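Undergrad: In terms of the working numbering, the sequence shown opens at residue 3 and continues consecutively.
Ideal Cβ positions, reconstructed from N, Cα and C, are used throughout, including at glycine.
On a predicted model such as this, the values are computed, not experimentally measured, just so you know.
Dumping the structure here so I can ask a few things about it.
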Amino acid sequence: MSTGKIIIITAPSGSGKTTLVKRLLANCPQLEFSISACTRQPRVGEQHGKDYYFYTEEEFKKLIEEDAFIEWEMVYTGKYYGTLKSELQRIWDKQKSPLVDIDVQGALAISDKYHNISRSIFIEAPSIDVLRQRLLQRGSENEHSLEERISKAKLELTFAPRFDRIVINENLETATNELINVVEEFTGRREVSIS
Ligand code: 5GP
């Protein structure tokens, strides 16, 4: 397939990554969100083909057999997530760069495979306590899944040095500007056209 550039963003769950990614997309028209495939249930308000491509485990496994993924993983017990080759191509075909927002292992897999055409960014919460508070506020986890996300976050933090850039999300404005700078340095600057 013909390739363009890729921006890879990863962060432990609860680092404020989703908010930062939305702000980055609003400021960088050269980027488009790469929609992952997954087998977890949609959360309230999430839509198939917008937030994720939601599949059953059977459908997902069929896609694995067809070699449809750049990378895939069981991110949480029994829950599969993956980046479809067709999704990256869909975005490159529009002369844009996919913004791939995935977990640490998946991010490392893509950045190893596409090192010369990618920039990988690791977003950190200021501390594990802040991260726990953010997850509690979101209210989407039960006690077990909260602890699973926190222990995964602790492990993921140890991988931060393997990324091209680390951004600490202490202040939303500062972190957003840092991210925009990384993207513009790599992809060039594009003005938002207002018509
Ligand atoms: P959530 O269930 O909160 O939407 O996502 C759980 C985790 O799965 C997050 O860390 C998210 O970045 C990761 N994730 C989302 N899409 C992908 C993907 O395509 N591949 C991998 N490896 N992880 C993903």
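Look at the alpha carbon of T189 and the alpha carbon of L101, and state the distance between them as a whole number of angstroms.
TA: Here residue 189 corresponds to residue number 187 of the sequence shown, with the count starting at 1. Here residue 101 corresponds to residue number 99 of the sequence shown, with the count starting at 1. Cα-Cα distance, rounded: 12 Å.
Undergrad: Nearest to N134 by CA position, among D69, E150, F124, is which residue?
TA: For the purposes of this step, residue 134 is taken as the residue at position 132 of the sequence shown. Checking the sequence shown, residue 134 turns out to be Arg, not Asn. The shortest C-alpha separation from R134 is found at E150.
Undergrad: Opposite D103 in the DSSP bridges: which residues?
TA: In the sequence shown, the residue the question calls residue 103 occupies position 101. I11.
Undergrad: Return the chain-ordered ranges of every alpha helix (DSSP H) run that is complete within the stretch 119-157 and spans a minimum of 4 residues.
TA: The qualifying runs are 130-140.
Undergrad: Please identify the residue among L22, G6, T12 whose C-alpha is closest to the C-alpha of N179.
TA: Reading the sequence shown from its first residue, position 177 is the one you call residue 179. With distances taken between Cα atoms, N179 lies closest to L22.
Undergrad: Would you mind listing the beta strand (DSSP E) stretches within the stretch 43-99 that are 3+ residues and don't spill past its ends, in chain order?
TA: Runs found: 54-56, 71-78, 81-86.
Undergrad: Identify whether G190 lies in helix, strand or coil by the three-state DSSP scheme.
TA: In the sequence shown, residue 190 corresponds to position 188, counting from 1. Correct three-state label for G190: coil.
Undergrad: Within 10 angstroms of the Cβ of A177, are there 16 or more other Cβ atoms? Answer buried if so, exposed if not.
TA: Position 175 of the sequence shown, counting from 1, holds the residue named residue 177. When all chains shown are included, A177 counts as buried.
Undergrad: For L65 versus A28, is the C-beta distance shorter than 8 Å?
TA: Indexing the sequence shown from 1 puts residue 65 at position 63. Indexing the sequence shown from 1 puts residue 28 at position 26. No, Cβ-Cβ distance for L65 and A28 is not below 8 Å.
Undergrad: Verify the contact flag: I104, CB atom, against every heavy atom of ligand 1, threshold strictly below 7 Å.
TA: Position 102 of the sequence shown holds residue 104. True, at least one ligand heavy atom lies under 7 Å from that Cβ.
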